[in-house]
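K.L.:
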Amino acid sequence: MFEARIAQGGLLKKVVEAIKDLIEDANFDCNNSGFSLQAMDSSHVSLVALSLRADGFEHYRCDRNVSMGMKLANLSKILKCAGNEDAITMKSEDNGDTITFMFETPNQERLSEFDLKLMDIDSEHLGIPEAEYDATVKLPAGEFQRIVKDLSSIGDTVEISVTKDAVKFGTTGDIGSANIMCRQNKSVDKPEESTEIDINEPVALTFALRYLNSFAKATPLSTHVVLKLSKDLPIVVEYHVPDVGRLGFYLAPKVEE
Amino acid sequence: LRDQQLMFDFFASA
């Protein structure tokens, strides 16, 4: 059987809210080392990869590998019934056709149980190659969310260019154009506001803002977002959840015809 | 479609 308990149930809620508009349904794969999900959006230009480590849970048991297909909209409906401070326990029997979610309030006065029907989903598991990236940028997640939101009111795509000292986001649209530059700033007193750039080679790539905006829904998960860029490779937009795992998004760059 | 091909090639290289 599979059983996992996470004290910060709010974290699961945030994860599902971050991906539910991008992917319709997906298999949650559970094995000894943890809980993961990998799925492409319906247009097949972006991929979501979630991994939550077994030791990130208070209690974790998985006797045999299981793959549980769920419709994200339904999962979200159920998790919305959990309080942000609730502990969440997920439970499923081997070969069961449901997964049970138990919500426990911090004072343990209220205990709720919801069963979600599982479904069969055909999905091929794609390997994610370990790539060397030309540039890696770590910036406050809220800052990135604001940039892609602001630029969306001007254009449809953003050119992200990274040099040694700064990362620039630029767009052009019918009403005009916009450029936002963030300088490297490894501020020591406020680490949550730091912007760090690690570069092998300057790089400039263009992406659809619609997807980046969707990825930015993961902002509540982490203080920082990590962007990894290489010429002709999908950008990686990564949110690390300390001691628990990561949520990564991959998006193909727009290629000039 | 170029986008899809690029994603496909990337993951196929793993």
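Chains as they are written, first to last, in our numbering: chain A, 1 to 257; chain B, 1001 to 1014. Here a beta-carbon is modelled for each residue, glycine too, at the ideal position from N, C-alpha and C.
Taking 6 Å as the limit between beta carbons, can you name the residues of its chain near A:K217, skipping five residues before and five after?
P.N.:
Once the five neighbours on either side are set aside, the close Cβ partners of A:K217 are A18.
K.L.:
Can you confirm whether A:G127, when its beta carbon is compared against all beta carbons of chain B, has any partner nearer than 8 Å?
P.N.:
Taking Cβ atoms only, chain B reaches closer than 8 Å to A:G127, which makes this a yes.
K.L.:
Report all residues from its chain with a CB closer than 7 Å to the CB of A:K186; omit the five preceding and five following residues, and keep chain order.
P.N.:
Excluding sequence neighbours, A:K186 sits near S194 and E196.
K.L.:
Using a Cβ-Cβ cutoff of less than 6 Å, which residues in the same chain neighbour A:F28 once the five nearest sequence positions on both sides are dropped?
P.N.:
Counting only Cβ-Cβ distances below 6 Å, and skipping sequence neighbours, we find L37 and M68.
K.L.:
Starting from B:F1010, trace the alpha helix (DSSP H) in both directions and tell me its first and last residue.
P.N.:
R1002 to A1012 is the span of the alpha helix (DSSP H), which, as asked, contains B:F1010.
K.L.:
How would you list, in chain order, the residues of chain B whose beta-carbon sits under 7 Å from the beta-carbon of A:A39?
P.N.:
Simply none; closest approach about 12 Å.
K.L.:
Please list, in chain order, the residues of the region 242 to 257 of chain A that have any C-beta partner in chain B closer than 9 Å.
P.N.:
From the region 242 to 257 of chain A, only Y250, L251, A252, P253, K254, V255 and E257 have a Cβ closer than 9 Å to chain B.
K.L.:
Once DSSP output is grouped into helix, strand and coil, what is the label at A:G9?
P.N.:
Reduced to three states, the DSSP call for A:G9 is helix.
K.L.:
Thinking A:V225 and A:F144 are a contact (beta carbons under 8 Å), I'd like their distance in whole angstroms, please.
P.N.:
Their Cβ separation, rounded to whole angstroms, is 5 Å, which keeps A:V225 and A:F144 in contact under 8 Å.
K.L.:
DSSP three-state label for A:A135, please.
P.N.:
A:A135: strand per DSSP, three-state reduction.
K.L.:
Please work out which residues of its chain come closer than 6 Å, Cβ to Cβ, to A:E93, disregarding the five sequence neighbours upstream and downstream, and give them in chain order.
P.N.:
For A:E93, where only same-chain residues beyond five positions count, the Cβ hits under 6 Å are M1.
K.L.:
Could you list which residues in chain B have their beta carbon closer than 9 Å to that of A:V45, in chain order?
P.N.:
The contacting residues are D1003, Q1004, L1006 and M1007.
K.L.:
To the nearest angstrom, how far is the alpha carbon of A:D156 from that of A:R210?
P.N.:
C-alpha separation (whole angstroms): 7 Å.
K.L.:
Under 6 Å Cβ to Cβ from A:G9, same chain only, skipping five residues before and after it: list those, please.
P.N.:
Excluding sequence neighbours, A:G9 sits near A82, D86, A87 and I88.
K.L.:
Go to A:A73, then tell me how far its alpha helix (DSSP H) extends in each direction, as first and last residue.
P.N.:
L72 to L79 is the span of the alpha helix (DSSP H), which, as asked, contains A:A73.
K.L.:
If contact means a Cβ-Cβ distance below 9 Å, which residues of the region 212 to 235 of chain A contact chain B?
P.N.:
Under the 9 Å Cβ criterion, the region 212 to 235 of chain A contributes D232, L233 and P234.
K.L.:
What alpha helix (DSSP H) runs, 4 residues minimum, are completely inside the region 77 to 149 of chain A?
P.N.:
Listed in chain order, there is nothing to give.
K.L.:
Please state whether the Cβ-Cβ distance between A:V137 and A:L52 is less than 8 Å.
P.N.:
No, they are not a contact pair.
K.L.:
Measure how close the beta-carbons of A:L22 and A:V48 come, nearest whole angstrom, since I'm counting them as under 8 Å.
P.N.:
Indeed, because the Cβ distance is near 6 Å, the residues count as touching under 8 Å.
K.L.:
What residue range does the alpha helix (DSSP H) around A:N213 cover?
P.N.:
That run of the alpha helix (DSSP H) goes L209 to F215.
K.L.:
First and last residue of the beta strand (DSSP E) that includes A:V237?
P.N.:
Per DSSP, A:V237 belongs to the beta strand (DSSP E) from I235 to V241.
K.L.:
Just to confirm my understanding: we take A:E201, look at its own chain, exclude 5 residues before and 5 after, and list those with CB closer than 6 Å. What are they?
P.N.:
Result list for A:E201: D134, in chain order.
K.L.:
Just grab the DSSP bridge partners of A:K259 for me.
P.N.:
Missing from the structure shown is residue 259 of chain A; chain A here goes from 1 to 257 and no further.
K.L.:
Count the other CB atoms, across all protein chains shown, that sit within 10 Å of the CB of A:E104; report buried if there are 16 or more and exposed otherwise.
P.N.:
Per the 10 Å Cβ criterion, buried.
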